[in-house]
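Quick notes on the structure that follows.
Residue numbers (this note's numbering), protein chains in the order written: chain Z, 1 to 98; chain U, 1001 to 1111; chain H, 2001 to 2121.
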């Protein structure tokens, strides 16, 4: 299953909830959620811990737009819009967390 | 905003003729709307209209036709709990027409 | 029948502060007309939607909490609440206005994985 998060994990509980409830599969961070994919943030540890259980992706255009493309946590995969579509198509189901 | 005049008092309705404030409803208003809908109210009609008002009072929604049919059947017997019976009473749709007469908003999920 | 899909509505917002809870409820009522396999899930502040005793007169907003009790009549019978979310808010099953199944987050995740469509509110 693919979980799509679009809110900053520093101010919103969506990612926390997803990590607590979801079993396994892939997580894609888009829009303001891309802040969670950057080194040095308060939630970096949480993302690193989650990597054992989930494959973590981040939408590169959103990261670039925010000036943080050079600060991605190692092990987080970047995708472009085509990669976004492939992730959605390649998973049995997906949830866009609000 | 449209309105109807019943017994010298004015009642606000929406553009489709549904009462805006359901608390204002009384049987005279029901009769007036029924007349406009060309429905000749009998005891069987009132049974459905009163049931709808009770349902709304309890759940804060007007039931979908399927739900209404089932609930009527449960309360008044199988011979009344079918769409034929309800459409005979309210030819333009029991949920739509009966709700209007009962002073309720148009049902959610009224497809 | 193979054309029946499993739909899950995930509710994570409190009522009244935003429109999400009411919108979700309306979508559920409409979906119920299409004979699908519908589950409702309440997590995080979403559990507040089911709190007993809501009185909205003072905020001049429609109290839609009684409508959750109508879901049974719409054949929507699968209501799940996450245990951790209840506990974090000092609530228990007795505080809720409908019968629900309380699941731990792990079981909730398994259920989520089994769905065809998951809609988040």
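We treat Cβ as the ideally placed atom computed from N, Cα and C, and that holds for glycine. These figures come from a predicted structure and were not determined experimentally.
DSSP places residue 1035(U) within a helical segment (H, G or I) once states are collapsed to three. In this structure, 75(Z) is the residue among 84(Z), 75(Z), 80(Z), 93(Z) with its C-alpha nearest to the C-alpha of residue 50(Z). Taking 3 residues as the shortest admissible run, the segment 42-95 of chain Z contains the following complete beta strand (DSSP E) segments, listed from N- to C-terminal end: 54-59, 77-79.
Distance from residue 15(Z) to residue 36(Z) at the Cβ level is roughly 6 Å; contact confirmed, criterion being Cβ atoms closer than 8 Å. Per DSSP, the beta-bridge partners of residue 2008(H) are 2039(H), 2118(H).
Secondary structure of residue 2051(H) (DSSP, three-state): strand. Listed in chain order, the alpha helix (DSSP H) runs fully inside the segment 1046-1105 of chain U are 1065-1076, 1083-1089, counting runs of at least 4 residues. The contact set of residue 2064(H) on chain U, defined by CB atoms closer than 7 Å, consists of 1060 in chain order. Setting aside the 5 residues that flank it on each side, residue 2048(H) is surrounded in the same chain by 2014, each with a C-beta closer than 6 Å to its C-beta; the list follows chain order.
Residues of chain H with a Cβ closer than 7 Å to the Cβ of residue 96(Z) are, in chain order, 2120. Residue 1044(U) is positioned such that its CB atom lies no closer than 7 Å to that of residue 1086(U). Taking all protein chains in view, the Cβ of residue 2118(H) is crowded by 16 or more other Cβ atoms within 10 Å, so the residue is classified as buried.
Taking 8 Å as the upper bound for CB-CB distance, residue 2097(H) and residue 2052(H) are in contact here, some 5 Å apart. Just measuring C-alpha positions, the residue of 1020(U), 1048(U), 1079(U), 1012(U) sitting nearest residue 1104(U) is 1020(U). Against residue 1096(U), chain H offers no close residue; the least beta-carbon distance is about 15 Å (beta-carbon pairs closer than 8 Å). Here residue 2039(H) is not near residue 2054(H), since their CB atoms are 7 Å or more apart. Not a single CB atom of chain U sits nearer than 7 Å to the CB of residue 2021(H).
At a C-beta separation below 9 Å, residue 23(Z) has these neighbours in chain H: 2106, 2109, 2110, 2112, 2113. For residue 2106(H), the secondary structure class from DSSP, reduced to helix, strand or coil, is helix. Rounded to whole angstroms, the gap between the alpha carbons of residue 2056(H) and residue 23(Z) is 37 Å. Taking 7 Å as the cut-off between beta carbons, the residues of the segment 3-23 of chain Z near chain H are 13, 17, 20, 21, 22, 23, in sequence order. The beta carbon of residue 2037(H) does not come within 7 Å of any beta carbon belonging to chain Z, so the residue lies off that interface.
With contacts defined by Cβ atoms closer than 7 Å, residue 2120(H) and residue 95(Z) form a contacting pair. When 40(Z), 26(Z), 9(Z), 17(Z) are compared, the shortest CA-CA separation from residue 79(Z) is found for 26(Z). The residue among 1107(U), 1096(U), 1025(U) with its C-alpha nearest the C-alpha of residue 2067(H) is 1107(U). Per the coordinates, the alpha-carbon of residue 31(Z) lies some 9 Å from the alpha-carbon of residue 58(Z). For residue 1067(U), the nearest CB of chain H lies under 7 Å from its own CB, placing it at the interface with that chain. Around residue 1101(U), the same chain offers 1030, 1033, 1034, 1049 as residues with beta carbons nearer than 6 Å, after the five sequence neighbours per side are excluded.
Counting of Cβ neighbours within 10 angstroms places residue 2011(H) among the buried residues, the total reaching 16 or more. When secondary structure is reduced to three states using DSSP, residue 98(Z) falls in the coil class, being assigned neither helix nor strand. Distance from the CA atom of residue 45(Z) to the CA atom of residue 86(Z), rounded to whole angstroms, is 28 Å. The contact set of residue 2117(H) on chain Z, defined by CB atoms closer than 8 Å, consists of 93 in chain order.
Contact annotation: in the segment 2003-2034 of chain H, residues whose CB is within less than 8 Å of a CB in chain Z are 2010, 2012, 2013, 2020. Distance from the CA atom of residue 1018(U) to the CA atom of residue 2074(H), rounded to whole angstroms, is 24 Å. Its chain contains 10, 35 as the residues whose beta carbon lies nearer than 7 Å to that of residue 41(Z), once the 5 sequence neighbours on both sides are disregarded; these appear in chain order.
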